[in-house]
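Contents: one structure, followed by commentary.
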Amino acid sequence: MNVIRDIPASGAEAVTVAVSRARDAETAVAEIAGALAPTDPGFVLLFVPNGLDRAALTRALAATPPAAAVFGCTTAGQITPEGYENDALVAMAFRRAHFRVASTLITPLTPVRIEDVVRQTEALRAHLPTTPGRRRLALVFADGLSKQEDVLVAALEAGLQDIPVFGGSAGDGLKFTETFVLHGGELHGNAAVLVLIETDLAFRGIGFDHFQPTPNRMVVTRAVPEERLVLEINGAPAAQEYARLVGVPTDALSPLVFAENPVLVRNGSAYHVRAIQGIAEGGGLTFLSAIDDGLLLTLGRGKEIVRTLDAGLSVCDETGARPELILGFDCCLRKLEIEHKGLGGAASERFKSHKVVGFNTYGEQHLGVHVNQTFVGIAFFGPKEGPTL
84 MNVIRDIPAS
94 GAEAVTVAVS
104 RARDAETAVA
114 EIAGALAPTD
124 PGFVLLFVPN
134 GLDRAALTRA
144 LAATPPAAAV
154 FGCTTAGQIT
164 PEGYENDALV
174 AMAFRRAHFR
184 VASTLITPLT
194 PVRIEDVVRQ
204 TEALRAHLPT
214 TPGRRRLALV
224 FADGLSKQED
234 VLVAALEAGL
244 QDIPVFGGSA
254 GDGLKFTETF
264 VLHGGELHGN
274 AAVLVLIETD
284 LAFRGIGFDH
294 FQPTPNRMVV
304 TRAVPEERLV
314 LEINGAPAAQ
324 EYARLVGVPT
334 DALSPLVFAE
344 NPVLVRNGSA
354 YHVRAIQGIA
364 EGGGLTFLSA
374 IDDGLLLTLG
384 RGKEIVRTLD
394 AGLSVCDETG
404 ARPELILGFD
414 CCLRKLEIEH
424 KGLGGAASER
434 FKSHKVVGFN
444 TYGEQHLGVH
454 VNQTFVGIAF
464 FGPKEGPTL
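So in the numbering used here, spot 275 of the sequence shown is number 358, and the numbers just go up one at a time.
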């Protein structure tokens, strides 16, 4: 078991991170609970590894009730204080003196009922009004196989209004079989958890990828939008045409090829990644974000990934101070590319030096947009002298 304490605040921590690498859920939860017991948390985030038995985890949480509300999800990998890991149960306890929280479970997620989500979000916002001298932000964890995150995040932004929302889609390693969010001591499929947070800490949102557009353009000429399925690109079978543009045989397409050669969608002057999940029956391509007929796509080319990671994490507040902690949501396809290139150790060192803790996702939510192959995070800066009660 490994416990890291972060953000020193006049002798007490604003956020405490605990990591258990126990392979059975009962031991892992007991180790986490023991490490967090002295921290007086307002709430806890829990990021669950794919190898931990989910039913046993639920029983362990019921048998060892935490001292605060617990939110989280299953993951496609974790970012601990040591960097990338695959089998770690990660807990982040946010101290009550610096954080207030309210939450809601959105279910069923498929299909999203936009009016219901907006109404639920507005009620949550009203339940946690702003205290003078504090700011609010929101976190969302969604079923990563729901295919509803694009609509969900747009609805959340409408309900939250000026409150920024960040988050990640739940994963299950690279199986793409079933994913769950954690709320009320239970794991829920076909659901999303919205967590509204008020804090006296200064914070700053982060969002970046490592791709630039190439001259290779393509048009989606036949799609099934509700399934995020593209059947034809440029009038040809989608997988075949994509492989031609990338320059590999169709039978050589793989998650790694998709990770290193994503397609981009332009929004104003910015490009967002629309990551490919895999090849569908009949030669189509399934995506991890919204797709539609007539959509213009641009093939992306990667820049040096560790250098862009270091640059993207190098943020400061208005005084020039570095973050005391970065809560991070990093796409599983970024991790796949990094590890294939033998850069896992270098990336982990960057995460460690920038105090990043979080998990690998099936998609990221950043300021009202669902994106892929992106790092999204919130940098929290040190508290003021003396906590706000």
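Cβ coordinates follow ideal geometry from the N, Cα and C atoms, glycine included.
*asked:* Taking the alpha-carbon of L347 as reference, which of T297, V389, E387, G366 has the nearest alpha-carbon?
replied: T297
*Give, in chain order, every unbroken run of the beta strand (DSSP E) that is at least 3 residues long and sits entirely within the segment 239-267.*
If only uninterrupted beta strand (DSSP E) runs of at least 3 residues are considered, those enclosed by the segment 239-267 are 248-252, 264-266.
*State yes or no: is the C-beta of T479 within less than 7 Å of the C-beta of A176?*
As displayed, the chain neither begins before 84 nor continues past 472, which places residue 479 out of reach and without an answer.
*asked:* Quick check on DSSP: helix, strand or coil for F464?
replied: coil
_Tell me the residue span of the beta strand (DSSP E) that contains H355._
Per DSSP, H355 belongs to the beta strand (DSSP E) from 353-357.
*What residue from R104, T304, A113 has the CA that sits closest to A145's CA?*
A113
*Determine the extent of the alpha helix (DSSP H) in which I388 is found, giving its start and end residues.*
Unbroken alpha helix (DSSP H) run through I388: 388-396.
*asked:* Considering only the alpha carbon of each residue, which of P215, V302, L220, E309 lies closest to A462?
replied: Considering only alpha carbons, the answer is L220.
*Between the Cα of I316 and those of E261, I374, A430, F259, spot the shortest distance and give me the residue it belongs to.*
Among E261, I374, A430, F259, the Cα nearest to that of I316 is on I374.
_Could you tell me the alpha carbon to alpha carbon distance between T204 and G242, rounded to whole angstroms?_
5 Å
*What does DSSP give as the partner residues of C156 in its beta bridges?*
Note: C156 sits in a beta bridge opposite F130, V264.
_For F249 and S337, what's the separation of their Cα atoms in angstroms?_
29 Å
_Beta-carbon proximity list for T214, same chain, < 7 Å, skipping 5 on both sides_ = E281
_Rounded separation between R218 and F182 - CA only_ = 10 Å
*With DSSP as the reference, label T99 as helix, strand or coil.*
strand
*asked:* If the criterion is Cβ atoms closer than 7 Å, does the pair L378 and V331 meet it?
replied: no
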